[in-house]
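What follows is a set of notes on a single structure, which appears directly below.
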Amino acid sequence: MDRKQLRQKYIEHLTKDFIPFWEKAIDAQYGGVFTCFSNDGSELVSEHKYTWSQGRFLWVMEALLSLQDEGLISLNDKWRANFEKTYQFLVHHTRMENGHIVFAVKRNGEKMADQMDTSIFADCFFVIGVSAYARYTKDREAFALAYATYELIKERIRTRNFRSEPYPVDKAYTSHSIPMILINVAEELFTAANTLHDPRKETLKTDMNEFLNQILQLTTEERIIEMKHENPAVENLLTAHLNPGHTLESIWFMIHSMQRTDHPEYYSIVQKLERIASYAIDKGWDDVYGGLFRFVHKDGGKPRGTEEGSTLEKLIIDTWDMKLWWPHSEALYTTLLLYDITGKIKWANTYAKMEDYVFATFPNYDKTIGEWIQIRNRQGEPMEKVVALPVKDPFHIIRNFILIIRLLGEHDAPRKI
11 MDRKQLRQKY IEHLTKDFIP FWEKAIDAQY GGVFTCFSND GSELVSEHKY TWSQGRFLWV
71 MEALLSLQDE GLISLNDKWR ANFEKTYQFL VHHTRMENGH IVFAVKRNGE KMADQMDTSI
131 FADCFFVIGV SAYARYTKDR EAFALAYATY ELIKERIRTR NFRSEPYPVD KAYTSHSIPM
191 ILINVAEELF TAANTLHDPR KETLKTDMNE FLNQILQLTT EERIIEMKHE NPAVENLLTA
251 HLNPGHTLES IWFMIHSMQR TDHPEYYSIV QKLERIASYA IDKGWDDVYG GLFRFVHKDG
311 GKPRGTEEGS TLEKLIIDTW DMKLWWPHSE ALYTTLLLYD ITGKIKWANT YAKMEDYVFA
371 TFPNYDKTIG EWIQIRNRQG EPMEKVVALP VKDPFHIIRN FILIIRLLGE HDAPRKI
């Protein structure tokens, strides 16, 4: 693997396929970004702004500005000019009086009665975006706001006083998605606290280890249990399904957090995560058409088991065999990270298989539009379908490309454990 050549490939894709698309999507008048595009990116179908996406885009802006500061890419002045405006849009238009974060607003920031306090994930992505802003600008007020929102999130989760649309969770279940998002939120806050020399970074270290333990408690020897019932004897469609993309994303979240905290069991946990990653890819891979299924049964194949009639079950059954952009971008980074950490040729080969499929399937064939056609059927053909939020996501691919660019620039050869 030629690391320099591979790094340049990702820089070029980022520069040619993604930055121009999202540059045009920036709302220079009000701040933030338009994301409600058709799947191929050719048509803006709504100007509504989902806080989930706005917080993510603020993170993206910070990451791209940092790459530019390092001389790796070049951005139009529009990016820096709208960085502050996007932060102000989030702060002034997406917060409620109780400190919770609304799900969506109109283009000008006006709140909508049916899009208010419906998802704790909106709060989490608000924190991720504002943390990145605080890190880049060294704005202690912004950090304080992000941290206060984070503390409120933790309390709401502790007391089960939250909603989690578009993936509502019955109180009889523990969802992997909650400690998973929290470990990432805590890590983003930690990097900001570290930059600002804020003593709360020690609390965030403790939190990261706690969320790591919570995720590990949801693991078997081979998989992460996405939905764990309070009664261990219960096995149904929810408890038996495997989400390959979530698993692979969660793995790098855990690895990053352990690297931040110098976790004493880092090496043994990485070995466990290797087994879990291998299992997710093995059971999740489509041997007929290639790529990762969205959901599978824990033993492979179509999800199956007793159903209770929940929204999540319907989503699993309806979309299980689709090929979505985000699990594949997560797979690119996680497999490359595992190769970088372990030096095992197995992970280089797995990455190569994933890379071949991804770049043959997802990039938009219309280069005048760019980006990826994100939502595809089992055969890899584009579909117009809502699979979570009705948006074209500005986050997963760019984040993983940036992580890969940074990983490949750290040293000349993989480390070995």
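Quick note, the sequence shown lines up with residues 11 to 427 if you use the working numbering.
Where is the CB? At the ideal position from N, CA and C, for every residue including glycine.
Using only CA atoms, which one of the options lies nearest to residue i?
| i | options | result |
| --- | --- | --- |
| residue 211 | 235, 145, 233 and 165 | 145 |
| residue 236 | 243, 277, 348 and 250 | 250 |
| residue 134 | 82, 64, 339 and 239 | 64 |
| residue 20 | 76, 394, 369 and 404 | 369 |
| residue 411 | 46, 375 and 342 | 342 |
| residue 89 | 32, 404 and 22 | 32 |
| residue 282 | 348, 163, 246 and 393 | 348 |
| residue 319 | 422, 178, 293 and 24 | 178 |
| residue 321 | 165, 175, 68 and 138 | 175 |
| residue 207 | 153, 364, 422 and 234 | 153 |
| residue 100 | 120, 81 and 83 | 120 |
| residue 150 | 161, 419, 246 and 202 | 202 |
| residue 128 | 68, 164 and 61 | 61 |
| residue 323 | 305, 111 and 311 | 305 |
| residue 189 | 160, 225 and 163 | 225 |
| residue 37 | 17, 97, 396 and 27 | 97 |
| residue 106 | 409, 130 and 12 | 130 |
| residue 223 | 156, 261 and 138 | 261 |
| residue 26 | 378, 67 and 402 | 378 |
| residue 113 | 93, 95 and 136 | 136 |
| residue 294 | 268, 233, 316 and 266 | 233 |
| residue 215 | 258, 401, 23 and 270 | 270 |
| residue 419 | 54, 80 and 118 | 80 |
| residue 246 | 344, 43 and 317 | 317 |
| residue 325 | 192, 253, 340 and 35 | 253 |
| residue 11 | 406, 44, 357 and 94 | 357 |
Taking its Cβ as the centre, do 16 or more other Cβ atoms sit within 10 Å of residue i, making it buried, or is it exposed?
| i | result |
| --- | --- |
| residue 72 | buried |
| residue 148 | exposed |
| residue 274 | exposed |
| residue 328 | exposed |
| residue 361 | buried |
| residue 91 | exposed |
| residue 122 | exposed |
| residue 278 | exposed |
| residue 424 | buried |
| residue 102 | exposed |
| residue 104 | buried |
| residue 59 | buried |
| residue 338 | buried |
| residue 209 | exposed |
| residue 355 | exposed |
| residue 397 | buried |
| residue 255 | buried |
| residue 231 | exposed |
| residue 118 | exposed |
Between the alpha carbons of residue i and residue j, how many angstroms are there, rounded?
| i | j | result |
| --- | --- | --- |
| residue 197 | residue 276 | 16 Å |
| residue 298 | residue 385 | 18 Å |
| residue 14 | residue 352 | 19 Å |
| residue 243 | residue 185 | 17 Å |
| residue 263 | residue 77 | 21 Å |
| residue 359 | residue 335 | 20 Å |
| residue 376 | residue 51 | 10 Å |
| residue 138 | residue 48 | 26 Å |
| residue 292 | residue 41 | 43 Å |
| residue 248 | residue 315 | 8 Å |
| residue 165 | residue 220 | 15 Å |
| residue 422 | residue 18 | 14 Å |
| residue 109 | residue 383 | 36 Å |
| residue 57 | residue 66 | 17 Å |
| residue 371 | residue 313 | 24 Å |
| residue 200 | residue 307 | 36 Å |
| residue 218 | residue 259 | 16 Å |
| residue 54 | residue 156 | 30 Å |
Among the residues of its own chain, which have a CB less than 8 Å from the CB of residue i, if the five just before and after it don't count?
| i | result |
| --- | --- |
| residue 296 | 302, 303, 331, 333 and 388 |
| residue 29 | 74, 83 and 85 |
| residue 380 | 26, 27, 28, 30, 31, 51 and 374 |
| residue 229 | 235, 282 and 286 |
| residue 408 | 24, 28, 32, 70, 73 and 74 |
Within the same chain, show all residues whose beta-carbon is closer than 7 Å to that of residue i, passing over the 5 residues directly before and after it, in chain order.
| i | result |
| --- | --- |
| residue 346 | 361, 414 and 417 |
| residue 182 | 239 and 240 |
| residue 350 | 417, 424 and 425 |
Which same chain residues, not among the five before or five after residue i, have their C-beta less than 6 Å away from its C-beta?
| i | result |
| --- | --- |
| residue 69 | 138, 139 and 142 |
| residue 367 | 300 and 301 |
| residue 395 | 385 |
| residue 172 | 130 and 166 |
* To do: Please go through the stretch 195-225 and give each complete beta strand (DSSP E) segment of 3 or more residues, from N-terminal end onward.
  => none
request  = Run through the stretch 37-89 for me and flag every whole beta strand (DSSP E) of 3 or more residues, listed as ranges in chain order.
outcome  = 54-56
Checklist entry - In chain order, which beta strand (DSSP E) runs of at least 3 residues are fully inside the stretch 230-314? => result 237-239
In chain order, each alpha helix (DSSP H) run of at least 4 residues that lies wholly inside the stretch 87-167:
87-103 and 130-147
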